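J.: The structure is given below, and queries will be raised subsequently.
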Amino acid sequence: MDILLRPTATDVAVAAADILADFARRGATLGLATGSTPVATYRELIRRYDAGEVSFADCRAFLLDEYIGLPRDHEQSYHRTIRREFTSHVDIPDEAVHGPDPEQGGQAYEDAITAAGGVDIQLLGVGTNGHVGFNEPGSSLASRTRMKTLHPQTVADNARFFDSADEVPIHVLTQGLGTIRRAGHLLLLATGAGKADAVHKLVEGPVTASCPASVLQLHEYATVIVDEAAASRLHDLEYYRFIEAHQPRR
Ligand code: GLP
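Rendered as structure tokens:
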């Protein structure tokens, strides 16, 4: 796993945009994530698109997850969110942006990803309890896209996007950890002190369903980019700095 330490959340977004723009230039299939963490990265990519530095015209995109029970056009559905935060501001065709559809179910989404040739790079955030996508603690490391019930912690964390916690759907359709692991490259971003414990566990803890993000340790190409606050509980921080300062030429 490559651990990239950056001073601020803005620097994290720039580093993530560097990697994603390289994939976009090759017309990659992008795995997109919602949540607040990737928003700064999306803004940076939109800025580069506006400056003529990158195009997404040949890309396809697959979302990680979706709430069950929200109308597709609800302001907080992930179908809507990804368009508002990113894809409607760049030149990726709208019909090339896919998300899990609760009406169609998990297998249809797995089939769509497979038919597209798989995801080349999957962008990920991490929940305070270590969840990725909506794979809560206890999720099978081999799981595929299926319905899950949110942990009360996640409902509480996501209540800020709704008028009240009562409005947060508790059921979701999410790519499984096995689905996520099939992507060619995993790129996880974490910013802020609230993520420090999850970052420590996913990087330095055991591979365990109790911390779903620890599944990254099983992937051949996983990059974790964190700001100082999110890195603050990493035990081997100095070693990660040392590695980055002494990158071998590739
Ligand atoms: C949500 C999403 C995840 C996201 C996580 C963290 O529940 N389903 O994909 O990574 O929460 O969100 P945030 O980046 O807002 O902290």
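Its first residue numbered 1, the sequence shown is counted upward by one per residue in this note's numbering. Backbone N, C-alpha and C fix where the C-beta goes; we use that ideal spot for every residue, glycine too. A quick note: this is a predicted structure, and the numbers were derived from the prediction, not measured.
1) To which residues of the same chain is Asp197 closer than 8 angstroms at the C-beta, ignoring the five residues directly before and after it?
2) Looking at C-alpha atoms only, which residue of Ala28, Ile121, Val132, Thr145 is the closest neighbour of Pro102?
3) Just the C-alpha distance for Cys211 and Ala142, rounded to the nearest angstrom, thanks.
4) Taking a cut-off of 6 angstroms, which residues have a beta-carbon closer than that to any heavy atom of the ligand GLP, in chain order?
5) My output table needs one value for Asp73: the three-state DSSP class, helix, strand or coil.
6) Using a Cβ-Cβ cutoff of less than 8 angstroms, which residues in the same chain neighbour Ile170 once the five nearest sequence positions on both sides are dropped?
7) What are the uninterrupted segments assigned as alpha helix (DSSP H) that are 4 or more residues long and contained completely in the region 131-178, given in chain order?
8) Indicate whether Gly35 and Gly125 have their beta-carbon atoms separated by less than 8 angstroms.
9) Looking at the structure shown, is His185 part of a helix, part of a strand, or coil, going by DSSP?
10) How about Leu5 and Leu123: do their beta carbons lie closer than 8 angstroms?
11) Roughly how many angstroms separate the alpha carbons of Gln247 and Leu202, rounded to a whole number?
12) Which value, in whole angstroms, describes the spacing of the CA atoms of Asp120 and Phe23?
13) Leaving aside the five residues before and after Leu70 along the sequence, list all residues of the same chain whose C-beta is less than 8 angstroms from its C-beta, in chain order.
14) Assuming Gln175 and Gly133 make a contact with CB atoms under 8 angstroms, what is their CB distance in whole Å?
15) Run through the DSSP bridge pairs and tell me what Ala256 is partnered with.
16) Kindly indicate which residue of Val39, Leu32, Met1 has the alpha-carbon position closest to the one of Ala13.
17) Ordered along the chain, which non-local residues of its own chain (more than five positions away) have a Cβ less than 6 angstroms from that of Gly178?
18) Pull up the distance between the alpha-carbon of Ala230 and that of Phe242, whole angstroms please.
19) I need the straight-line Cα distance from Phe86 to Ala28, nearest angstrom please.
20) For Gln153, which option in Phe162, Gly31, Val97, Pro137 has the closest C-alpha, if you only look at C-alpha atoms?
21) Quick check on Gly106: buried or exposed, where buried means 16 or more other Cβ atoms within 10 Å of its Cβ?
22) Between which two residues does the alpha helix (DSSP H) containing Asp328 stretch?
23) Assign Pro100 to one of two classes, buried (16 or more other C-beta atoms within 10 Å of its C-beta) or exposed (fewer than that).
T.: So, from the listed chains and residues:
1) Only Thr128, Arg233 meet the Cβ criterion.
2) For the residues Ala28, Ile121, Val132, Thr145, the minimum Cα distance to Pro102 belongs to Thr145.
3) Distance between the alpha carbons of Cys211 and Ala142 is about 14 angstroms.
4) Any heavy atom of the ligand GLP counts here; residues with a Cβ closer than 6 angstroms to one of them, in chain order, are Ala33, Thr34, Gly35, Ser36, Thr37, Leu64, Asp65, Gly125, Val126, Gly127, Gly133, Phe134, Thr154, Asn158.
5) DSSP places Asp73 in coil when its eight states are reduced to three.
6) If the five residues before and after Ile170 are omitted, its C-beta is found closer than 8 angstroms to the C-beta atoms of Thr149, Leu150, Val155, all from its own chain and listed in chain order.
7) Qualifying alpha helix (DSSP H) stretches, in chain order: 152-158.
8) A contact, by the Cβ cut-off of 8 angstroms.
9) Note: His185 maps to strand in three-state DSSP.
10) Taking a C-beta distance under 8 angstroms as the contact criterion, Leu5 and Leu123 do not qualify as a contact pair.
11) Cα atoms of Gln247 and Leu202: separation of roughly 22 angstroms, rounded to the nearest angstrom.
12) Asp120 and Phe23 have their C-alpha atoms some 8 angstroms from each other.
13) Sequence-distant partners of Leu70 (beyond 5 residues in either direction) whose C-beta falls short of 8 angstroms from its own C-beta, in its chain, are Gln76, Ser77, Pro169.
14) A Cβ-Cβ distance of about 5 angstroms is found for the pair Gln175 and Gly133, placing them in contact under the 8 angstroms criterion.
15) There is simply no residue 256 to check, as the chain begins at 1 and stops at 250 in what is shown.
16) Ala13 has its Cα closest to that of Val39, out of Val39, Leu32, Met1.
17) Within the same chain, and ignoring the five residues on either side of Gly178 in sequence, the residues whose Cβ sits closer than 6 angstroms to its Cβ are Ala142, Ser143, Arg144.
18) Each residue's alpha carbon lies about 18 angstroms from the other.
19) So the two alpha carbons sit approximately 16 angstroms from each other.
20) Nearest option by C-alpha distance: Pro137.
21) It is buried - the Cβ of Gly106 has at least 16 other Cβ atoms within 10 Å.
22) Lying outside 1 to 250, the shown extent of the chain, residue 328 is not represented and no answer is given.
23) With 16 or more other Cβ atoms within 10 Å, it is buried.
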